[in-house]
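Residue numbers (the working numbering): 50 to 286.
Using N, Cα and C, we set each Cβ at its ideal position, and we do this for glycine too.
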Amino acid sequence: MEKKVLLKEEDMPKFWYNILPDLPTPLSPPLNPETKKPLTADDLEIFPKAIIEQEMSNQREIPIPEKVREIYSLWRPTPLVRALNLERALDTPAKIYFKNESVSPAGSHKPNTAVAQAYYNKMESVKTLTTETGAGQWGSALALVGSLLGIDVRVYMVKVSYEQKPFRKSMIHLWGAEIYPSPSNRTETGRKILKDNPDNPGSLGLAISEAIEDAITHENTKYALGSVLNMFYCIRL
Ligand SMILES: Cc1ncc(COP(=O)(O)O)c(C=O)c1O
């Protein structure tokens with residue numbers, strides 16, 4: 050019985066699939082939180098132009114740059130694995146498969162978008178990327194690709210998680226990135242929260258706010274987001 054499906058290296062995808070043109074009805078546009086109007090390219094200037102274009106794109110297939118494919122090939126194609134124990138536990142005749150993304154150096158699927166985001170920033174001469182992390186998967190993924198592509202990375206990690214998961218912090222340091230518990234004293238947002246409650250455990254939303262504030266207050270620095278917008282799903286597949 051075949052338990053794993055392994056693609057050949059030459060079968061690795063050359064395009065990202067963008068699901069938007071195939072949706073039966075278009076998604077509602079994301080709104081600017083201040084104006085409540087649909088986001089425009091200007092609202093997204095914390096990202097490089099190539100990523101904003103991808104966010105707005107209705108193109109079904111988006112070519113994967115050669116450099117990105119070269120980095121992917123360090124661990125991809127990732128195996129499709131039959132979840133036999135789960136099938137037995139469920140006592141189902143169905144065959145269940147999962148894509149084992151744990152074989153990436155950071156141990157999750159998150160480098161798939163991190164490589165692409167860091168690459169497009171590098172192409173636009175961005176020196177530093179800031180981001181948030183919760184459990185630490187996303188922060189370590191971006192730190193990994195920062196080290197591969199020569200781009201500095203600064204991570205704000207939800208404080209309670211920063212204290213509970215020292216090994217993610219070590220991985221991030223190992224790949225040469227900076228990491229701070231959020232709320233931190235590095236931003237207005239963080240200082241305000243700490244003034245009201247020095248023991249605030251932090252949250253993903255707060256870490257996002259700190260990372261964005263850091264990006265807009267520093268030269269040649271952009272922000273990388275761990276999910277949410279269309280392009281990340283397009284990029285990850
Ligand atoms: C926007 C955003 N940033 C960061 C994260 C947290 O990632 P992690 O728990 O891997 O640190 C998530 C969750 O996946 C997210 O949606």
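- Following the DSSP letters along the chain, one finds GLU136 inside the alpha helix (DSSP H) bounded by residues 133 to 139.
- Sequence-distant Cβ neighbours of ALA163 in its own chain, meaning closer than 6 Å and more than five residues away, are ALA190, LEU191 and VAL194.
- When the alpha-carbon of PRO114 is set against those of GLN103, LEU197 and PHE64, the nearest one is in PHE64.
- The straight-line gap separating the alpha-carbon atoms of GLN166 and THR179 is approximately 12 Å.
- Following the DSSP letters along the chain, one finds VAL175 in no beta strand (DSSP E), marked with neither H nor E.
- When the alpha-carbon of LEU197 is set against those of GLN103, LEU56, GLY185 and VAL117, the nearest one is in VAL117.
- Judged by DSSP secondary structure, PRO215 falls within the alpha helix (DSSP H) whose first and last residues are 215 to 223.
- In this structure, ARG131 sits near TYR146, with a CB-CB distance shorter than 8 Å.
- ASN234 has its alpha-carbon roughly 37 Å from the corresponding atom of LEU123.
- A heavy atom of ligand 1 is found nearer than 7 Å to the CB of GLN186.
- In the DSSP assignment, TRP65 falls within the unbroken beta strand (DSSP E) covering 64 to 66.
- Inter-residue distance for ARG109 and ILE101 is about 16 Å (C-alpha atoms, whole angstroms).
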